[in-house]
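A short write-up of the structure that comes next.
Numbering (our numbering), first residue to last: 5 to 115.
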């Protein structure tokens, strides 16, 4: 899983540093991300289904944290779509990624 601090650094690096609204959106995004992670931990601990005891009655129902997780996830997606990110630098062509550091000529150099 990606560290929250790394995510925040990358997101802040992709927005205009002078646009306070966009910086605020990133901060809210990170806050919601932290809440989602805590909810996910609680769901993992307690399970998707929980037993509720009401006086002499006992019944199984869906974990209420699931509903909250869904709400926060929708909010997170909407917020992410509203953030004005700058484009990432283009990736290097695949041949540059696979090239070795040696002095041997390429086939194209021979003709």
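Note that CB positions come from ideal geometry on N, CA and C, so glycine has one too.
Under the DSSP definition of a beta bridge, which residues are partnered with residue i?
i: residue 66; result: 53
i: residue 61; result: 58
Roughly how many angstroms lie between the CA atoms of residue i and residue j, to the nearest whole one?
i: residue 55; j: residue 49; result: 13 Å
i: residue 20; j: residue 84; result: 15 Å
i: residue 47; j: residue 64; result: 15 Å
i: residue 42; j: residue 14; result: 21 Å
i: residue 82; j: residue 11; result: 17 Å
i: residue 53; j: residue 36; result: 24 Å
i: residue 90; j: residue 76; result: 25 Å
i: residue 40; j: residue 73; result: 6 Å
Ends of the alpha helix (DSSP H) at residue i?
i: residue 13; result: 8–17
Using the Cβ count rule (16 or more neighbours within 10 Å means buried), how would you classify residue i?
i: residue 62; result: exposed
i: residue 69; result: buried
i: residue 57; result: exposed
i: residue 8; result: exposed
i: residue 30; result: buried
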